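Going by the numbering used here, the sequence shown runs without a break in its numbering and finishes at 164.
As structure tokens, the structure follows; a few thoughts come after it.
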Amino acid sequence: MVLILDPENLQGIRAHAEQTYPEECCGLLVGQWLRQPDGDDTRQVMDCVAADNDWNEAAAAEVGALRQQPETEAAAAKTSRYWIDPKVLLRVQREARDRNLDIVGVYHSHPDHVAVPSECDRTLAWPGYSYIIVAVTQGKATDLRSWHLDEQHQFQPEVMRMGA
């Protein structure tokens, strides 16, 4: 699987991650699915839509129930979790479809942590989407990687290419 982004979108993601530090940033990748002749999936990102991190007690309760770890999630904060309001997801999806595009992925940051998915990231991830994670160390974006879920619901690295 390959994710194609332009340099401006990549810089926008990094800037968003630095602006929200020490909290996690989050946003949606809007673009199109490109089926390659070899059958490999490619996603072309046209826009990155920054979202507010709406992690709160209600989100913690929902994630805690899903992960069967209510105490762990109740103690979590925006510095280690993110939540995109479902109303925002629906609005962005509607706007994307009006342009014949789709949500093709999600991005978020890991403040003072590596750009590797957490177990919580894996639990909440949807198959078929790209997941960009930005490592932010002391307020500076230091690493950015993309991931996708395999058939066993495990994250695998995803190739990122720069588009026009």
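Here a beta-carbon is modelled for each residue, glycine too, at the ideal position from N, C-alpha and C.
Predicted model only: the values in this text are computed from it and were never measured.
Would you mind stating whether residue i and residue j have Cβ atoms separated by less than 8 Å?
i	j	result
ALA115	ASP85	no
GLU158	MET1	yes
LEU3	SER130	yes
TRP55	LYS87	no
VAL104	ARG43	yes
TRP147	ASP102	no
ILE111	TYR21	Residue identity differs from the one stated: residue 111 is Pro in this sequence, not Ile. Against a cut-off of 8 Å, the Cβ pair of TYR21 and PRO111 comes out as a contact.
ASN53	GLU23	yes
For residue i, I'd like the list of residues in its chain whose CB is within less than 6 Å of its CB, leaving aside the five on either flank, ordered along the chain.
i	result
ASP41	MET1
Any idea what DSSP makes of residue i, helix, strand or coil?
i	result
GLY12	helix
VAL65	Position check: residue 65 holds Ala in this sequence, whereas Val was assumed. Note: ALA65 maps to helix in three-state DSSP.
PRO117	coil
GLN241	Absent from the structure is residue 241, since the part of the chain shown begins at 1 and ends at 164.
ALA76	coil
ALA125	coil
PRO111	strand
PRO22	coil
PRO157	strand
ASP52	coil
ASP6	coil
Hey, residue i and residue j are a contact pair by Cβ (cut 8 Å); roughly how many whole angstroms apart?
i	j	result
ALA61	TRP83	No, ALA61 and TRP83 are not in contact; Cβ-Cβ is about 11 Å, not under 8 Å.
Just to confirm my understanding: we take residue i, look at its own chain, exclude 5 residues before and 5 after, and list those with CB closer than 7 Å. What are they?
i	result
LYS140	GLU18
GLU73	ALA60, VAL63, GLY64, ARG67
THR123	LEU66, ARG67
GLU119	none
VAL92	LEU28, VAL30, VAL49, ILE103
Could you confirm whether any beta carbon from chain B is found closer than 8 Å to the beta carbon of residue i?
i	result
MET1	The structure shown contains no chain B; it holds only a single protein chain.
For residue i, which residues in the same chain have their Cβ closer than 8 Å to its Cβ, ignoring the five residues on either side in sequence?
i	result
PRO117	ALA125, TYR131, ILE133, TRP147, PHE155
PRO7	MET162
Check your understanding: Taking three-plus beta-carbon pairs below 8 Å as touching, is the segment 48-57 in contact with the segment 28-36?
Key -> Taking 8 Å as the limit for Cβ pairs, the verdict is that the segment 28-36 does touch the segment 48-57.
Check your understanding: Does the segment 121-141 touch the segment 12-19, meaning 3 or more C-beta pairs lie closer than 8 Å?
Key -> The segment 12-19, when compared against the segment 121-141, does touch it at the 8 Å Cβ threshold.
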